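Reviewing the structure listed below.
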Amino acid sequence: CQMSLEVMEIPREALIPEVTACVGVAHFLEQAKEADISLFI
Numbered sequence: 001c002q003m004s005l006e007v008m009e010i011p012r013e014a015l016i017p018e019v020t021a022c023v024g025v026a027h028f029l030e031q032a033k034e035a036d037i038s039l040f041i
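Here is the structure:
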């Protein structure tokens, strides 16, 4: 979540290379609502 990264002052460069995008909760819920399985940490 973009807000979590900002609050904890974690730069994008600190994330693993497999992370292709940082999105907010609203975007995640929009994408996950039709998924059979979703994981939100």
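All the letters of the sequence shown, read from the start, carry residue numbers 1 to 41 under the working numbering. Using N, Cα and C, we set each Cβ at its ideal position, and we do this for glycine too. Please read these numbers as outputs of a predicted model, since none were measured by experiment.
By how many angstroms is the C-alpha of residue j removed from the C-alpha of residue i?
i	j	result
ALA35	HIS27	13 Å
ILE37	GLN31	11 Å
GLU13	VAL23	15 Å
LEU5	GLU18	16 Å
MET8	CYS1	11 Å
PRO11	LEU29	23 Å
Taking residue i as the reference, give the member of the options with the closest Cα.
i	options	result
VAL42	GLU13, ARG12 and LEU39	Past the edges of the chain, shown from 1 to 41, lies residue 42, and the structure says nothing about it.
Which first and last residues belong to the alpha helix (DSSP H) in which residue i is found?
i	result
ALA26	25 to 32
SER4	2 to 7
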